[in-house]
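Asks: The structure's right below; bear with me while I get my questions together.
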Amino acid sequence: AVTALAETLARLGHHVEEARPRYGLIGLAFVPRATVGIAEFAARHPEPALLDPRTRSALRNGTRLGGRVVRAARAREVRQHRRIGALFDASGFDVLLTPTTAAPPPRIGAFDRLGAWRTDVTMAAACPYAWPWNVLGWPGVNVPAGFTRSGLPVGAQLLGPSRSEERLIALAAQLEDDLRWFEHRPPD
Numbered sequence: 027a028v029t030a031l032a033e034t035l036a037r038l039g040h041h042v043e044e045a046r047p048r049y050g051l052i053g054l055a056f057v058p059r060a061t062v063g064i065a066e067f068a069a070r071h072p073e074p075a076l077l078d079p080r081t082r083s084a085l086r087n088g089t090r091l092g093g094r095v096v097r098a099a100r101a102r103e104v105r106q107h108r109r110i111g112a113l114f115d116a117s118g119f120d121v122l123l124t125p126t127t128a129a130p131p132p133r134i135g136a137f138d139r140l141g142a143w144r145t146d147v148t149m150a151a152a153c154p155y156a157w158p159w160n161v162l163g164w165p166g167v168n169v170p171a172g173f174t175r176s177g178l179p180v181g182a183q184l185l186g187p188s189r190s191e192e193r194l195i196a197l198a199a200q201l202e203d204d205l206r207w208f209e210h211r212p213p214d
């Protein structure tokens, strides 16, 4: 599906070539930042007992990983921005096109019986292309890329450097105009 979208972009006059971003150890920053954020948000919840077990687990981890650990993770961001930003600066790319997920959408309830750690591992494996951009804090736009054989929607991401929202939205609009997504529906 992503290859077909890349071919559409080329047909529309865009220069398309394969790139392999070097994310390095960006995941080391993700866990402390995500769980500390959950802990901070959960601290404001009016009824913490209503939080599900996975959220409470993330809250506990976030409480442990706050302070020095999260400050160290945040300190790495400058190097991460520089390394991944080289794709846009030195290599001359203006947008990255990636799958949204590495697998078709999971069935409803697929995560229900998983503990917190297993849920996190499963989500990271299913979405290896999305979370690095969350760590970077850079914009991305999810666009339709087709359907699985069983009719489930498949997405692709247009990812850009800091402050590239206008470019990403314009490119998504160009794709929407050409591919007429509004005419396509998954089967009932």
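Take any residue in the sequence shown, count from 1 to its spot, add 26: that is its number in my numbering.
The beta carbon of each residue, even a glycine, is placed where N, CA and C say it ideally should be.
Is it buried or exposed, V167, if we count other Cβ atoms within 10 angstroms and call 16 or more buried?
Replies: By the neighbour-count rule (16 or more Cβ atoms within 10 Å), V167 is buried.
Asks: Counting C-beta neighbours from all protein chains within 10 Å, is the total for W164 16 or more, i.e. buried, or is it exposed?
Replies: Burial call: buried.
Asks: Identify every run of the beta strand (DSSP E) within the segment 53-133, keeping only runs that are complete inside it and at least 3 residues long; order them along the chain.
Replies: DSSP runs (the beta strand (DSSP E)) wholly in the segment 53-133: 122-125.
Asks: Check L194 in the structure and name its three-state DSSP category.
Replies: Looking at L194 - three-state DSSP - the assignment turns out to be helix.
Asks: DSSP three-state call for F137: helix, strand or coil?
Replies: Of the three classes helix, strand and coil, the one that applies to F137 here is coil, per DSSP.
Asks: Alpha carbon to alpha carbon, what distance is there between A27 and V96?
Replies: Computed Cα separation, rounded: 37 Å.
Asks: Would you say P130 and S176 are within 9 Å of each other, going by their C-beta atoms?
Replies: Yes, these two residues count as a Cβ contact at 9 Å.
Asks: For the 8 Å Cβ check, are there 3 or more pairs between the segment 49-62 and the segment 29-41?
Replies: Because the criterion of three Cβ pairs below 8 Å is not met, the segment 49-62 and the segment 29-41 do not touch.
Asks: Contact between the segment 187-196 and the segment 112-128 is defined here as three or more beta-carbon pairs at a separation below 8 Å; is this criterion met?
Replies: Counting Cβ pairs under 8 Å, three or more are found: they touch.
Asks: If I'm right that V169 touches R59 with Cβ under 8 Å, what's the distance once you round it to whole angstroms?
Replies: That belief does not hold up - the Cβ atoms of V169 and R59 are roughly 26 Å apart, past 8 Å.
Asks: Three or more C-beta pairs under 8 Å: does that hold for the segment 119-138 against the segment 147-154?
Replies: With a cut-off of 8 Å, the segment 147-154 and the segment 119-138 count as touching, because enough Cβ pairs lie within range.
Asks: Using the Cα positions of T124 and Q183, report the straight-line distance between them to the nearest angstrom.
Replies: The straight-line gap from Cα to Cα measures roughly 5 Å.
Asks: Helix, strand or coil: how does DSSP classify L38 here?
Replies: Coil.
Asks: Sort R108, A99, I64 and E73 by Cα distance to T89 and report the nearest one.
Replies: Looking at the Cα atoms, I64 is the closest of the given residues.
Asks: Using only alpha-carbon positions, find the residue among F173, D120, W157 and P132 that is nearest to L197.
Replies: Minimum Cα distance to L197 is reached at D120.
Asks: Would you check if the segment 34-46 and the segment 65-77 touch, i.e. whether three or more CB-CB distances between them fall below 8 Å?
Replies: With a cut-off of 8 Å, the segment 34-46 and the segment 65-77 do not count as touching, because too few Cβ pairs lie within range.
Asks: Report yes if the C-beta distance between I110 and P158 is below 9 Å; otherwise report no.
Replies: In this structure, P158 lies closer than 9 Å to I110 by Cβ.
Asks: How would you label V62, buried or exposed, when you count the other beta carbons within 10 angstroms and need 16 or more for buried?
Replies: Flag for V62 reads buried.
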